[in-house]
Amino acid sequence: MNRRRTGRTAVVVVLLAAGALLVTGALRGTLTYYRTPGEVLRDPDAARDRVRLGGEVVPGSLRRDGDLVVFRLAEGGQAITVEQRGGPPGTFREGEGAVVEGTLSADGTFRADHVVVRHGNEYRPSTAPVEPVDAR
Amino acid sequence: MLGELGTSSLTVGLLCATLTALLWLRVALFGAPTRPARLATAATLAAAVVACGVLEAALLRHDFSVRFVAENGGRRVPLYYTVTSLWSALDGSLLLWLLVLGGYAVLLAGRRYPARLHAYAMAVVSAVTVFFFALSCFAANPFRAVDPVPADGPGPNPLLQQHPAMGVHPPLLYAGYIGLVVPFAFALAARPAGREGGGWLRVARPWALAAWAALTAGIGLGAWWSYAVLGWGGYWAWDPVENASLLPWLTATAFLHTAPGRGARRAGWNLVLACASFVLVLLGTFLTRSGAVASVHAFTDSPLGPMLLGFVLLAVVASTVLTGWRAPEPAGRTPSPVLSRDTAVLVNGVLLVTIAAVVLIGTIFPLLSGPLGGVRTSVGPDYYQRTAVPLAIVVLLAMGVTPALRVRDRGAALRRLAVPAGVALATVAVVGLLSRPGLPALTAFGTAAFVLTGLAGELPDRLRRPARGRLAGLVAHAGIALVAVGVAGSSAYGRDAERTVRAGESLRVGDVSVRLVGVDRRGDGGAMAVHARLRLSGAGGAERTVTPALRYHPARDTAVTVPVIETGLLRDTYVTLIAVSPDDGSATLRLAVNPLVGLLWAGGALTAVGGLGSAIGAARPRRRAGTPGEEARPASVGVHAGAAG
Chain E
1 MNRRRTGRTA VVVVLLAAGA LLVTGALRGT LTYYRTPGEV LRDPDAARDR VRLGGEVVPG
61 SLRRDGDLVV FRLAEGGQAI TVEQRGGPPG TFREGEGAVV EGTLSADGTF RADHVVVRHG
121 NEYRPSTAPV EPVDAR
Chain H
1 MLGELGTSSL TVGLLCATLT ALLWLRVALF GAPTRPARLA TAATLAAAVV ACGVLEAALL
61 RHDFSVRFVA ENGGRRVPLY YTVTSLWSAL DGSLLLWLLV LGGYAVLLAG RRYPARLHAY
121 AMAVVSAVTV FFFALSCFAA NPFRAVDPVP ADGPGPNPLL QQHPAMGVHP PLLYAGYIGL
181 VVPFAFALAA RPAGREGGGW LRVARPWALA AWAALTAGIG LGAWWSYAVL GWGGYWAWDP
241 VENASLLPWL TATAFLHTAP GRGARRAGWN LVLACASFVL VLLGTFLTRS GAVASVHAFT
301 DSPLGPMLLG FVLLAVVAST VLTGWRAPEP AGRTPSPVLS RDTAVLVNGV LLVTIAAVVL
361 IGTIFPLLSG PLGGVRTSVG PDYYQRTAVP LAIVVLLAMG VTPALRVRDR GAALRRLAVP
421 AGVALATVAV VGLLSRPGLP ALTAFGTAAF VLTGLAGELP DRLRRPARGR LAGLVAHAGI
481 ALVAVGVAGS SAYGRDAERT VRAGESLRVG DVSVRLVGVD RRGDGGAMAV HARLRLSGAG
541 GAERTVTPAL RYHPARDTAV TVPVIETGLL RDTYVTLIAV SPDDGSATLR LAVNPLVGLL
601 WAGGALTAVG GLGSAIGAAR PRRRAGTPGE EARPASVGVH AGAAG
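Structure representation (structure tokens):
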């Protein structure tokens, strides 16, 4: 009986270790960090990898240039120019909060390939930015 | 007036529920007569019925002095969506929760079970009811008065006014979630009930099966809703709310499969699974109702968070204490051989729990990484594709192997597996040569072929001897395999394109194309809508006009997309209008071709029907043991063969 229990414990330990390895490995490759414009400006290298940038779309900064949409995203007084290929969702508006996903390019503009909009007041929790599915 | 009536019904409900819990405890401890306890249970249900009825009446009469109606009602909302408004926001949905919980309590009270086990289980269910009545009374009372009374309300969230599934998806999901309280209650009651407790698995099983079937249907309908309404072309986004529904489903599935026949064998494992399923329901409720995680489905911030979290912890502690750390091992059992059905079922249970753990970690990681690690993060679908998907394929494979292992002889088992394995390899070869779906999808196709062939081989046997639930189990498993084909096919062969086109220009995906004819703006009920007139060709049938739309609801300051889905036999054509230029000269469109999506809905429906059939089979009063033939075996083994094989 005792040996049986030791064997079982060993199986459980091995399974747990394998599970932990699986989870950490997958998290390492797929985790996306949220950054504010201020953080990206202070430490541009941190945004060379794919990040999510959150802030408010600066009123008056939105312009369309063919298929390209350019706007400024600001938070805490610091702003970054964002270029987004393809139209942002119809739910995207100046003065509203938005989260874009992409990378910082060498010239200091943020190239986004994915815009997620915070809209309405209903689905906005206090801390984390919201990603409405309809914006995907 | 209605508001006061509603508030009093909640207060009465809270008192009744408390009384019910005490009365059932009295039955359990002192063997008191059950009649008062049954009456109190019925009274609790009556209070919930009144509360729901009052809120529904207030919604229908547009009584905006009631807070919930002022926040979620609207004079322009169609009748159907006014009725469904009850569960379109947090406070009202809690009333539906209470109604379902009260209903389960009355059904459970009316059944005949060993007296003490029954009474303890009822006490647990009643205690849960007390908590939810308290939640409704103190933290989320929908009946509070509004002053001044508004003339009109904004209506429910526009996303919840677009699809008829809104009427069935939440109630079914709730029936599934809350149904898991019964196995949980029996698991907690097993120890205190002493010798009677040994039978808890057998009595909990029909309830678990019924709840599982409802949960399956609810999840399937939720995916369908997400596909048909949200306009992003997918059906599962690994969103926290979706994950919250998947977690108890996974553990409940594991519970159903290890539970019967071997109750004495893995007593601890079964107790853990039964408790974990309901604790995960509560945890999911906490995650999605407290505003703790960001999700499109999530309700807004509310003071419920701390109360719910407290109750989750209480449930964990209660489970741990009442079920004990370790159930005693029965002596003198015969170990089963390593390569047996028993082992395969156990392995699958462990895998299902592992998937649940992996999904749980992904869901709560963003919640913990902020406060603990100081960085805000998000866990994307890639995480789940790397972890949960491969595990799910292994589960599918084990599901196909399991029935063949029923025979003790290893050679015979392998022979039974030969044909399905051959078909699986042939499928992989043919599909792999004809297209390049990628390794995960190819594996999924092969595995699904393996499972389906194996099940087809079982069919004659199960039709000939239609033992209880055996056919239903086969149907459920076939449904799962079809869902796997649908998921793999739609993710491997799905194609989409997104572009801004001017009038007269086309957007093309494969042989399907849409040409923008024009853009119309019109007011439409309480919303302003922009329609893109498109000529769709190549999607089967004649060239025709389709009009996806963007609707802006001023009352909620929200814009929603209304996609057009042309369903074909093998594939769907999915067109979404994403944006329109201010001069109406161009529109940003998304065109997607989604193959095999229909299999998802069909497979989901089959699985739910199979679950329901198993539940009915398991609930049917058993014939006397000792009749010749199959009945000589413990009946639950036969049931289990159906559900697990």
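Chains as they are written, first to last, in the UniProt record's numbering: chain E, 1 to 136; chain H, 1 to 645.
Backbone N, C-alpha and C fix where the C-beta goes; we use that ideal spot for every residue, glycine too.
(request) Can you tell me which of the three DSSP states M528/H falls into? (result) For M528/H, the secondary structure class from DSSP, reduced to helix, strand or coil, is strand.
(request) Return no unless some Cβ of chain E is closer than 9 Å to the Cβ of T363/H. (result) Residue contact check for T363/H against chain E: no CB pair falls below 9 Å.
(request) Output yes or no for whether 9 Å exceeds the beta carbon distance between T576/H and P548/H. (result) Their beta carbons are under 9 Å apart, which means T576/H touches P548/H by this criterion.
(request) For D67/E, return the contacting residues in chain H, with the cut-off set at a CB-CB distance below 8 Å. (result) Within 8 Å of the CB of D67/E, the CB atoms of chain H belong to R499 and T500, in sequence order along the chain.
(message) Quick check on the DSSP output: the beta strand (DSSP E) that includes S237/H runs from which residue to which?
(response) Inspection of the sequence shows that residue 237/H is occupied by Ala rather than by Ser. Where A237/H is concerned, there is no enclosing beta strand (DSSP E), given that its DSSP letter is neither H nor E.
(request) Below 7 Å CB to CB, which residues in the same chain sit around L19/H once its five sequence neighbours on both sides are set aside? (result) Cβ within range, chain order: A40.
(message) Any C-beta of chain E within less than 9 Å: which residues of the segment 367-378 of chain H qualify?
(response) The segment 367-378 of chain H vs chain E, Cβ under 9 Å: L367, S369, G370, V375, R376, T377 and S378.
(request) Pull out every residue of the segment 8-39 of chain E whose Cβ sits closer than 8 Å to any Cβ of chain H, in chain order. (result) So the list reads L15, G19, L22, V23, G25, A26, L27, G29, T30, L31, T32, Y33 and Y34, given in the order they occur along the chain.
(message) So for E505/H, helix, strand or coil by DSSP?
(response) It is coil, neither helix nor strand.
(request) Inspect the beta-carbon positions of R551/H and A559/H and report whether they are closer than 9 Å. (result) Result yes, Cβ atoms of R551/H and A559/H sit closer than 9 Å.
(message) Do Y80/H and G155/H have their beta-carbon atoms positioned less than 9 Å apart in this structure?
(response) For G155/H and Y80/H, no; Cβs fall outside 9 Å.
(request) Compare the C-beta of R64/E against all C-beta atoms of chain H and say whether one is closer than 9 Å. (result) With 9 Å as the cut-off, R64/E counts as an interface residue toward chain H.
(message) Going by DSSP, what residue range makes up the alpha helix (DSSP H) through V58/E?
(response) No alpha helix (DSSP H) holds V58/E; DSSP gives it neither H nor E.
(request) Would you mind reading off the limits of the alpha helix (DSSP H) that contains L201/H? (result) Run containing L201/H: W200 to V229, per the alpha helix (DSSP H) assignment.
(request) Could you name the residues of the same chain whose beta carbon sits closer than 6 Å to that of A211/H, not counting the 5 residues immediately before and after it, in chain order? (result) Correct list, in chain order: G176, G179 and L180.
(request) Would you give the residue range spanned by the beta strand (DSSP E) that A193/H belongs to? (result) No beta strand (DSSP E) contains A193/H, which DSSP labels as neither H nor E.
(message) Below 8 Å, is the gap between the Cβ of G103/H and the nearest heavy atom of the ligand FMN?
(response) The ligand FMN is not part of the structure shown, which contains no ligands of any sort.
(message) Rounded to the nearest angstrom, what separates V58/E and E39/E at their Cα positions?
(response) When rounded, the separation of the alpha-carbon atoms in V58/E and E39/E is 18 Å.
(request) Measuring alpha carbon to alpha carbon, tell me which of M399/H, A429/H and L434/H ends up nearest L417/H. (result) In this structure, M399/H is the residue among M399/H, A429/H and L434/H with its C-alpha nearest to the C-alpha of L417/H.
(message) Residues of chain H with CB closer than 7 Å to the CB of R52/E, please, in chain order.
(response) The CB of R52/E comes closer than 7 Å to the CB of S378 in chain H, given here in chain order.
(request) Return no unless some Cβ of chain E is closer than 9 Å to the Cβ of G332/H. (result) Confidence at G332/H is low in this model, with a pLDDT of 45, below 50, so the placement of that residue should be treated as unreliable; the coordinate-derived value is given next. Not closer than 9 Å to any Cβ of chain E, the Cβ of G332/H fails to qualify, so no.
(message) Please confirm whether V350/H has its beta-carbon closer than 9 Å to some beta-carbon of chain E.
(response) For V350/H, the answer is yes, since a Cβ of chain E falls inside 9 Å of its Cβ.
(request) Would you be able to state if there are at least three C-beta pairs under 8 Å between the segment 186-201 of chain H and the segment 112-121 of chain H? (result) Yes, they touch.
(message) So that I know if they touch, is there some Cβ in chain E lying closer than 9 Å to that of R76/H?
(response) In terms of beta-carbon proximity, R76/H stays away from the interface with chain E, with every pair separated by 9 Å or more.
(message) So with CB distances below 8 Å, who are the chain E contacts of D409/H?
(response) The contacting residues do not exist; D409/H stays about 26 Å from chain E at best.
(message) Can you give me the C-alpha to C-alpha distance between L368/H and F255/H, rounded to a whole angstrom?
(response) C-alpha separation (whole angstroms): 29 Å.
(request) Determine, using beta carbons only, whether R111/E and V69/E come nearer to each other than 9 Å. (result) In this structure, V69/E does not lie closer than 9 Å to R111/E by Cβ.
(request) With a floor of 4 residues, list each alpha helix (DSSP H) that falls wholly inside the segment 155-188 of chain H, ordered by position along the chain. (result) Here the runs fully enclosed are 169-179.
(message) Using the three-state DSSP reduction, which class does P595/H fall into: helix, strand or coil?
(response) Strand at P595/H.
(request) Check A555/H in the structure and name its three-state DSSP category. (result) Annotated three-state conformation of A555/H is coil, per DSSP.
(request) Report the residues of the segment 384-405 of chain H with a CB closer than 7 Å to any CB of chain E, ordered along the chain. (result) Listed by position along the chain: R386 and T387.
(message) Quick check: the Cα distance between H297/H and T24/E, rounded to an integer number of angstroms?
(response) Low per-residue confidence applies at H297/H: pLDDT is 47, beneath 50, and the placement is therefore not dependable, though the value from the model is reported in the following sentence. If I take the Cα positions, the gap works out to 27 Å.
(request) Take P381/H as the anchor and find which of P403/H, G370/H, V358/H and V394/H has the nearest alpha-carbon. (result) The shortest C-alpha to C-alpha distance from P381/H to any of P403/H, G370/H, V358/H and V394/H is the one to V358/H.
(request) Specify the secondary structure class of Y113/H as computed by DSSP and reduced to three states. (result) Of the three classes helix, strand and coil, the one that applies to Y113/H here is coil, per DSSP.
(request) Using only alpha-carbon positions, find the residue among R48/E, A74/E and P37/E that is nearest to G95/E. (result) Among R48/E, A74/E and P37/E, the Cα nearest to that of G95/E belongs to A74/E.
(message) Per the DSSP calculation, H114/E is bridged to which residue(s)?
(response) H114/E pairs with E101/E.
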